[in-house]
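Novice: Quick one: structure below, then a few questions.
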Amino acid sequence: MIRINLLKQPAKKKIKRWKLSPKVFIIPVSIVCVLMVSVGIWWVIKHFDLFSAEKKQQDIVKDDYTPSTFVSSNIVEDVVDDKFDTKDKLTERGLEDFPYEKLSFIEKVNYEIHFAKNICDLLKRTVQPGVDFNSIQADSFNTLKGVGIADSKDKVVNLFILLRDHKKVELLPKPQSKFSRSGGVYSFNILCKTEFGLNLEAPFFIDAEEIIDYEELDLSVKRVVDVAKDEGVNIRSGPDRIDASLIDGYRRIRYHFSGVSSYNTFVTFINSLYNRHVQCAFEKLKLTALSDNSLEIDADIIFTTSK
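My numbering puts the last residue of the sequence shown at 319; the count rises by one with no breaks.
Below, the structure written as structure tokens:
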């Protein structure tokens with residue numbers, strides 16, 4: 013079984029020790045000092061009638077004041093400017109919610125590079141101990157499928173609720189997503205449509221000028237193999253070239269490979285590709301359980317290059 017919860021380490025319990033810090037006495041003393049100074053200043057002003065002339069002068073100015081006819085207009089302009097500034101700040105901050113189909117070509121390339129990592133992050137957040145998968149499949153940068161079992165109904169229901177309430181995921185209803193009791197466990201199927209959005213502030217985000225040249229393709233493929241070896245993924249076949257196409261002046265080359273690892277090792281492999289800025293995207297990904305600690309990886313990856 014594919015056990016997602018292997019990634020979740022139990023938190024260490026810390027023994028609480030009560031210590032009386034000297035800082036405890038600072039606040040009361042400070043308050044007393046401030047009160048004493050304030051009372052002293054008030055007594056001086058009251059006794060000597062300071063600032064009275066200034067107060068009268070201010071009153072005269074207020075009586076002569078005539079509101080400008082442009083005040084309300086300026087306020088409206090300020091409000092509009094604030095709204096546009098807020099929109100700009102939100103855009104600069106990062107998360108674009110446009111669907112994948114509406115992204116520009118370069119934005120799609122970035123979305124695709126993040127897809128496998130986003131899938132792993134999603135599973136980490138939604139799958140709790142006691143929920144195991146027979147298989148997990150991600151397709152076309154917008155679909156997640158899973159078949160598995162859980163040791164209780166509550167855990168399956170919790171999985172469905174977390175997926176249903178996730179802002180970037182649409183859990184499809186029956187018959188696509190369902191569960192039933194089988195013996196002493198609960199078996200389930202899930203089918204989700206994903207729209208992770210585009211994080212413009214991600215540490216790995218490429219511009220058109222940064223897309224690799226076609227001459228660098230072999231080196232990029234080799235980098236995938238090297239990262240797999242470094243992280244403990246056993247590649248059994250490939251990467252083998254499948255096909256190539258030309259889109260918007262860029263080449264799209266597909267490769268296929270298969271391998272074996274634990275789930276924990278696979279996630280480390282995905283994160284390492286991302287952290288090392290390897291420009292590849294998992295268009296099709298299938299993980300099939302071989303045992304409790306081993307799974308088979310079957311993947312189609314895309315490399316985008318300039319002409």
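Cβ coordinates follow ideal geometry from the N, Cα and C atoms, glycine included.
With a threshold of 7 Å on Cβ separation, who are the neighbours of Ser232 within its own chain once the five nearest residues in sequence on each side are excluded?
Specialist: Within the same chain, Ser232 has close Cβ partners Ile224, Val290, Gln291, Cys292 and Phe315.
Novice: Count the other CB atoms within 10 Å of the CB of Pro251; is the residue buried (16 or more) or exposed (fewer)?
Specialist: That one is buried.
Novice: Excluding the 5 residues flanking Lys277 on each side, which residues of the same chain have their C-beta closer than 8 Å to its C-beta?
Specialist: The question names Lys, but residue 277 is Thr in the sequence shown. The residues are Glu243, Gly244 and Val245.
Novice: Write down the C-beta distance between Glu182 and Lys157 rounded to the nearest angstrom, noting that I regard them as a contact closer than 8 Å.
Specialist: With a Cβ gap of about 13 Å, Glu182 and Lys157 do not count as contacting.
Novice: For Asp249, which option in Arg235, Gly271, Arg264 and Asp260 has the closest C-alpha, if you only look at C-alpha atoms?
Specialist: Position check: residue 249 holds Ser in this sequence, whereas Asp was assumed. It is Gly271 whose Cα lies nearest to the Cα of Ser249.
Novice: Measuring CA to CA, which of Phe110, Ile313, Asn154 and Gly160 is closest to Asn146?
Specialist: Nearest option by C-alpha distance: Gly160.
Novice: Can you pull the DSSP bridge partners for Val181?
Specialist: Answer is Thr206.
Novice: Among Asp163, Ser318, Ser152 and Tyr123, which residue has its Cα nearest to the Cα of Gly142?
Specialist: The residue with the shortest Cα to Cα distance from Gly142 is Asp163.
Novice: Within 10 angstroms of its Cβ, does Leu299 collect 16 or more other Cβ (buried), or is it exposed?
Specialist: Answer is buried; the Cβ neighbour count reaches 16.
Novice: Tell me, which residues are paired with Lys296 by DSSP?
Specialist: Its beta-bridge partners are Asp151 and Asp312.
Novice: Across the segment 195-214 and the segment 111-128, are there enough close Cβ pairs to call them in contact, namely three or more that are closer than 8 Å?
Specialist: Verdict: yes, contact present.
Novice: If you drop the 5 nearest sequence neighbours on each side, which residues of the same chain put their C-beta closer than 6 Å to that of Ile16?
Specialist: Here the set comprises Leu135 and Val139.
Novice: Can you find the residues in the same chain that come closer than 6 Å, C-beta to C-beta, to Phe191, ignoring five residues on each side of it along the sequence?
Specialist: Same-chain partners within the cutoff: Val168, Tyr198 and Phe200.
Novice: On the three-state DSSP scale, how would you describe Lys234?
Specialist: Looking at Lys234 - three-state DSSP - the assignment turns out to be helix.
Novice: Look at the Cβ atom of Ile265, then the Cβ atom of Leu229, and state whether they are nearer than 8 Å.
Specialist: Against a cut-off of 8 Å, the Cβ pair of Leu229 and Ile265 comes out as a contact.
Novice: Quick test of your reading: Val236 and Ile313, contact by CB under 8 Å. State the CB separation rounded to the nearest angstrom.
Specialist: At roughly 7 Å, the Cβ-Cβ gap stays under 8 Å, so Val236 and Ile313 are in contact.
Novice: List the residues that DSSP assigns as beta-bridge partners of Leu134.
Specialist: Bridge partners of Leu134: none, in fact.
Novice: Please classify Lys319 as buried or exposed, where buried requires at least 16 neighbouring CB atoms within 10 angstroms.
Specialist: Under this definition Lys319 is an exposed residue.
Novice: For my contact list, Lys129 and Asn283 are in at a C-beta cut-off of 8 Å; report their separation, rounded to the angstrom.
Specialist: Yes, they are in contact, since the Cβ atoms of Lys129 and Asn283 sit about 6 Å apart, within 8 Å.
Novice: Output needed for Gln149: all residues of its chain with C-beta closer than 6 Å, excluding positions within five of it in sequence on either side, in chain order.
Specialist: Closer than 6 Å at the Cβ level, and outside the excluded window around Gln149, lie Lys157 and Lys298.
Novice: Is the separation between the beta-carbon of Ile14 and that of Leu307 shorter than 8 Å?
Specialist: A contact, by the Cβ cut-off of 8 Å.
Novice: For the putative contact between Ile254 and Tyr267, defined by C-beta atoms under 8 Å, what is the C-beta separation to the nearest angstrom?
Specialist: Confirmed, Cβ separation roughly 6 Å.
Novice: So what's Asp163 in DSSP terms, helix, strand or just coil?
Specialist: If DSSP states are grouped into helix, strand and coil, Asp163 belongs with coil.
Novice: Can you name the start and end residues of the alpha helix (DSSP H) that Leu285 belongs to?
Specialist: Tyr275 to Asn287 is the span of the alpha helix (DSSP H), which, as asked, contains Leu285.
Novice: Under 8 Å between the Cβ atoms of Ser189 and Leu174?
Specialist: Their beta carbons are not under 8 Å apart, which means Ser189 does not touch Leu174 by this criterion.
Novice: If you draw a straight line from the alpha carbon of His126 to that of Gly196, how long is it in whole angstroms?
Specialist: Each residue's Cα considered, the two are about 38 Å apart.
Novice: If you reduce the DSSP assignment to three classes, tell me which class Phe269 lands in.
Specialist: DSSP places Phe269 in strand when its eight states are reduced to three.
Novice: Quick one, are the C-beta atoms of Ile309 and Ser274 less than 8 Å apart?
Specialist: Result no, Cβ atoms of Ile309 and Ser274 do not sit closer than 8 Å.
Novice: Which word fits Ile259, buried or exposed, when buried means at least 16 other C-beta atoms lie within 10 angstroms of its C-beta?
Specialist: Classification of Ile259: exposed, given that the 10 Å Cβ count is below 16.
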